[in-house]
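S.K.: Sequential numbering from 74 applies to the sequence shown in the numbering used here. C-beta atoms are modelled at their ideal positions from N, C-alpha and C, and glycine is treated no differently. If you're wondering where the values come from, they're calculated on a predicted model, not measured in any experiment.
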Amino acid sequence: MEGTKFPFQKSASGGSGQTFLPLSRTIPWVIKWQPIYQAECEVLCSKFYKRTFTHLSVPQVEFVSEETLKKLQQFFSQRPSTNIPKDYHPILIEYKVGQNLKKACETNNIFSLSSKAWLTLFENLGEIAGYDLLIGNCDRFIPENIHSTKQAISRVNSGNILIEWNNDKALKTVHLIDNAPHFSSFFDVKEKRSRSSSSSSIGASNLFNNSQDSSNESSQDQSPVQNQIVLSGEQKRKNRLADLKYFTSAPKEGIQKIAKLIYKDIASEFTQQISQPDKLINSLEKGLTKAQLKMKKTKFMDELEAVKKEKSDWSPQATLLLNFMEEAINHLQEIQTTSIK
Ligand SMILES: Nc1ncnc2c1ncn2[C@@H]1O[C@H](COP(=O)(O)OP(=O)(O)O)[C@@H](O)[C@H]1O
Ligand SMILES: [Mg+2]
């Protein structure tokens, strides 16, 4: 990595981490710096997804060795403008070609996809939304509190998938990135609401400080919720588990309701009118149903056990996530046994 030109560019999207994208295709990795527990949660979830959902595209994600850590710290510190907090930790993420959904909407590129590609895309989004309940994630498409009779809370973050398309505007692949729970909706982390300032990479260093609990999570906090009661991390995780339980046994009408909520959120980013929204809602529903069925049939515990062995000293937060996933998988096993009886 020697030479005069710094070979990475900080991503202008996102905000919970400092994500550096390679400027040359000879570097196959994205380097993302974030507090250690967030790095662990991302590695944990991505590895779990990669092992379990082999039909989906999940980038390879790796921790770095002590030696590489020192080299990266030195390399990035030579670029004062990057200003990475001392206690931030890098992970390597396989670089994927594509444009995140948010950008694809902003640039209108999404509107040049074929009708077939739109339907496939929305089926994919629905399926991914369902699986995200397994890792307690509401930082992509699935709203929070779908189990409750009260209004579900939407926090759509379409920066967390990448769309790759062919020249003929057919959908090539949907890549799942930033796979981790929404930290402030999962742990005892305080909410911060500074969306407008977070999306700029210039001066973004001011937004960071060295405390884990006050790390910037503004990318995840883009839908302010008024009058929200501050819940404990434990209660938040209980709610996520209730969402999973609701989803796995939801009747067609329940799935339809979720599909409509997701559609409304994504459509709020469209810059043009969509002619047949019902067809897209239908595709979301198809994807959600696919996820619901797969979750009732698949054995996930071996995959979780394998990922758990990747590290012997997981942080307390990653341990809470591991426990959550274990509980979620236990629930799936229970309903699998029940349906066999
Ligand atoms: N593996 C990757 N390949 C290509 N682009 C990526 C990759 N990971 C992230 N990006 C780009 O960087 C942006 C921010 O990354 P993300 O991991 O979502 O950070 P944050 O946790 O701050 O939201 C994404 O929206 C995407 O555009
Ligand atoms: Mg993100």
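At a threshold of 7 Å, does N252 count as lining ligand 2 (C-beta to nearest heavy atom)?
M.R.: The answer is no for N252.
S.K.: Using 7 Å as the cut-off, classify the Cβ of P132 as near or not near the heavy atoms of ligand 1, replying yes or no.
M.R.: Flag set: Cβ of P132 near ligand 1.
S.K.: For C114, collect the residues of the same chain with a Cβ closer than 8 Å to its Cβ; drop the 5 residues on either side in sequence, then sort them by chain order.
M.R.: A253, P254, F256, Q390, A391, L394.
S.K.: Measure the Cβ-Cβ separation of H248 and K123 and say whether it is below 8 Å.
M.R.: Contact flag unset, no.
S.K.: I need the boundaries of the beta strand (DSSP E) containing V134, first residue and last residue.
M.R.: Taken as a continuous stretch (DSSP letters only), the beta strand (DSSP E) holding V134 covers 134-136.
S.K.: Taking the alpha-carbon positions, what's the E200 to Q151 distance?
M.R.: Distance between the alpha carbons of E200 and Q151: 43 Å.
S.K.: Could you check the C-alpha separation between Q147 and Q365 for me, to the nearest Å?
M.R.: Between Q147 and Q365, the C-alpha separation is close to 46 Å.
S.K.: Would you list the residues sitting across from L249 in a DSSP beta bridge?
M.R.: BP columns for L249 point to I234.
S.K.: Alpha carbon to alpha carbon, how far is G203 from E342? Give it in angstroms, no decimals.
M.R.: The alpha-carbon atoms of E342 and G203 are separated by roughly 21 Å.
S.K.: Between the region 381-390 and the region 204-218, are three or more C-beta pairs nearer than 8 Å?
M.R.: Result no; under three Cβ-Cβ pairs closer than 8 Å.
S.K.: Can you tell me the Cα-Cα spacing of L129 and K245, whole angstroms?
M.R.: Using only the alpha carbons, I get a separation of about 12 Å.
S.K.: Hey, would you say the C-beta of N230 is under 7 Å away from at least one heavy atom of ligand 2?
M.R.: Within the cutoff, so yes.
S.K.: Apply the 10 Å Cβ neighbour rule to E358 and answer buried if 16 or more other Cβ atoms are within range, or exposed otherwise.
M.R.: Classification of E358: buried, given that the 10 Å Cβ count is 16 or more.
S.K.: Just how far apart, CA to CA, sit Q133 and T125?
M.R.: One C-alpha to the other measures close to 13 Å.
S.K.: Any heavy atom of ligand 2 within a distance shorter than 7 Å of the CB on G209?
M.R.: No, Cβ of G209 sits at least 7 Å from all heavy atoms of ligand 2.
S.K.: Would you kindly work out how many angstroms separate the C-alpha atoms of Q409 and N403, rounded to a whole number?
M.R.: Their Cα atoms are separated by approximately 10 Å.
S.K.: Is the beta carbon of G306 within less than 7 Å of some heavy atom of ligand 2?
M.R.: No; taking the cut-off as 7 Å, the Cβ of G306 has no heavy atom of ligand 2 nearer than that.
S.K.: Report yes if the C-beta distance between I236 and G171 is below 8 Å; otherwise report no.
M.R.: In this structure, G171 lies closer than 8 Å to I236 by Cβ.
S.K.: So, for K369: in the same chain, excluding its five sequence neighbours on each side, which residues have a beta-carbon less than 8 Å away from its beta-carbon?
M.R.: Same-chain partners within the cutoff: T321, L405, I408, Q409, S412.
S.K.: Identify whether L394 lies in helix, strand or coil by the three-state DSSP scheme.
M.R.: The answer is helix: DSSP assigns L394 an H, G or I state.
S.K.: Assess contact between the region 221-229 and the region 178-197, defined as three or more Cβ pairs (one per stretch) separated by less than 8 Å. Is contact present?
M.R.: Because the criterion of three Cβ pairs below 8 Å is not met, the region 221-229 and the region 178-197 do not touch.
S.K.: By the three-class DSSP mapping on this structure, what secondary structure does K363 have?
M.R.: The answer is helix: DSSP assigns K363 an H, G or I state.
S.K.: If you follow the beta strand (DSSP E) that Q107 is in, where does it begin and where does it stop?
M.R.: Element bounds for Q107: 102-108.
S.K.: Return yes when the C-beta of G87 is under 7 Å from any heavy atom of ligand 2, and no when it is not.
M.R.: Yes, Cβ of G87 sits closer than 7 Å to a heavy atom of ligand 2.
S.K.: With a threshold of 16 other CB atoms inside 10 Å of the CB of I339, please say whether the residue is buried or exposed.
M.R.: Classification for I339: buried.
S.K.: Once you ignore the five residues that flank I354 on each side, which residues in its own chain have a CB closer than 7 Å to its CB?
M.R.: For I354, where only same-chain residues beyond five positions count, the Cβ hits under 7 Å are A332, K333, Y336.
S.K.: Start and end of the beta strand (DSSP E) containing Y168?
M.R.: That residue, Y168, is in no beta strand (DSSP E); it is neither H nor E in DSSP.
S.K.: Could you tell me which residues DSSP pairs with Y161 in its beta bridges?
M.R.: Beta-bridge pairing links Y161 to P108.
S.K.: To the nearest angstrom, how far is the alpha carbon of I347 from that of F149?
M.R.: Using only the alpha carbons, I get a separation of about 44 Å.
S.K.: For the candidate residues E140, F121, L304, S138, whose alpha-carbon lies nearest to that of V131?
M.R.: Nearest of E140, F121, L304, S138 to V131, Cα basis: F121.
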